[in-house]
Amino acid sequence: MRIVTLEDHFETALYGAQMPPNELRRRWYRDRSKHLGHDIEAELKDIGASRIAAMDAAGIDLQILSLTTPGAQGFEGDFAIQVATDANDRMQAAVKAWPGRFAAFAALPTAEPAAAVRELERTVNQLGFRGAMINSHTRGSFLDDQKYWPILACAERLDVPIYLHPSQPHPLMMESYFAGFEDLARPAWGFMVDASTHFLRLLFSGAFDAFPRLRIILGHLGEGLPFAMDRLLDHTGYVAQWRGMKRTPAKCLRENLVVTTSGNFSVPALVCTLLMLGADNVMFSIDWPYESNKVGVEFLKRLPVSADDLEKIAFGNATRILRL
């Protein structure tokens, strides 16, 4: 069975020089690496032989590369453009060097929306990229702000998805909920809060009325949304009417959202996600190198689903949605 993963990150030297890890981050790298059995920092810097070897050891056929969080969303102006372009050119070089093993999601300089549109067009039309990864808020502002909607329009026109990846929560949330608990603010809990709330802002802004064919990908089994979906819908039907939305929240969740398993290798959570969104809207992923390829693939192979649904999750849905 073919296996495709599509939330797998790397770091460029240019990006890394601007985002050195602080003491908490260094400690997290050390202990998380020990927990996983590989050096996260070293693997982030590799989009060649070491990464391919880790894929082969787990039986992964194709990996979609992306710049690690906060990506180009951490910068503004010409430097944001430079960070995105450099990352995209390096991903394209890896795709060429390892035919059939890598594809890529574009990094976009969202602080400069017109440049982001140009870069999305370049990477999709000229380089064959399969969509874009946006690492949540851009220095505190969200995609519901209509200054970013030309990017959404471009993705819809090109028929490519936007992977909305978490980032460290908004600075005001860090100052309030996570002050003194910064170790909970990233993968343990804050990432889920950040990405799910960002997606809901996008939904209730009417973005999917404006762009009904736009697909947004959320990782980590939908950042908690499938678990809370019934309650959310029960409390937002009238909210959508207040906001003048034409499409219902339920329709947007089931037609504009697809999710991946990245870093959430829980069978009960997967079953809940399948019940709420259906097997056509779930794709396998790892979150390399922050997660283990082997653990992820073992999880995939023990899923209590039919053979047809397993193929959809492992590669079929990604092949269809990303036009692999």
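Numbering (my numbering) for the sequence shown: 16 to 339.
Note that CB positions come from ideal geometry on N, CA and C, so glycine has one too.
{"Item": "Exposed unless 16 or more other CB atoms sit within 10 angstroms - verdict on PRO283", "Value": "exposed"}
{"Item": "As assigned by DSSP and simplified to three states, the class of TYR192", "Value": "coil"}
{"Item": "Among SER307, LEU285, HIS180, the one whose alpha carbon lies nearest that of ILE328", "Value": "LEU285"}
{"Item": "Beta-carbon proximity check, ILE166 vs VAL139, cutoff 8 angstroms", "Value": "no"}
{"Item": "Cβ-Cβ distance between ARG116 and ILE67 below 8 angstroms", "Value": "yes"}
{"Item": "Beta-carbon proximity of THR275 to MET244, cut-off 8 angstroms", "Value": "no"}
{"Item": "Cβ-heavy atom distance, LEU247 to the ligand GDP, below 7 angstroms", "Value": "Inclusion of the ligand GDP in the displayed structure is not the case, the ligand content being empty and no account of it being possible."}
{"Item": "Residue closest to PHE242, alpha-carbon to alpha-carbon, out of ASP224, MET291, THR334, VAL254", "Value": "MET291"}
{"Item": "For ALA126, three-class secondary structure by DSSP", "Value": "coil"}
{"Item": "Endpoints, alpha helix (DSSP H) assigned at LEU285", "Value": "282-292"}
{"Item": "Nearest to PHE90 (by Cα), restricted to the options ASP198, LEU325, LEU29, GLY311", "Value": "LEU29"}
{"Item": "Residues of its chain near LEU248, where Cβ-Cβ distance is below 7 angstroms and the 5 sequence neighbours each way are ignored", "Value": "PRO264, ALA265"}
{"Item": "Beta-carbon proximity check, LEU77 vs ALA122, cutoff 8 angstroms", "Value": "no"}
{"Item": "Residue span of the alpha helix (DSSP H) that contains ILE67, given as start and end", "Value": "64-73"}
{"Item": "Per DSSP, cross-strand counterpart(s) of ALA108", "Value": "DSSP, once it has assigned bridges, lists no residue as partnering ALA108."}
{"Item": "Proximity winner among ASP224, PHE219, LEU272, LEU229, relative to HIS250 (alpha-carbon distances)", "Value": "PHE219"}
{"Item": "Cross-strand partners of HIS24 (DSSP beta bridge)", "Value": "SER81"}
{"Item": "Three or more C-beta pairs below 8 angstroms linking the region 39-59 and the region 149-156", "Value": "no"}
{"Item": "Cross-strand partners of VAL274 (DSSP beta bridge)", "Value": "LEU233, VAL297"}
{"Item": "Separation of CYS169 from LEU135, as counted between CA atoms", "Value": "8 angstroms"}
{"Item": "Residues sharing a beta bridge with ALA147, DSSP", "Value": "ALA121, ILE177"}
{"Item": "Top-ranked residue by Cα proximity to HIS213, from PHE157, ARG335, LYS49", "Value": "PHE157"}
{"Item": "Best match in ARG335, PRO114, GLU313 for proximity to ASN296 [C-alpha to C-alpha]", "Value": "ARG335"}
{"Item": "Ordered list of alpha helix (DSSP H) runs contained in the region 191-220, each at least 4 residues", "Value": "205-219"}
{"Item": "Simplified DSSP state of SER156, which is helix, strand or coil", "Value": "strand"}
{"Item": "One or two residues paired with VAL19 in a DSSP bridge", "Value": "LEU77"}
{"Item": "Contacting residues, own chain, Cβ-Cβ under 6 angstroms from VAL175 (five flanking each side not counted)", "Value": "VAL139, GLY146"}
{"Item": "Beta-carbon spacing of GLY234, HIS180 below 8 angstroms", "Value": "yes"}
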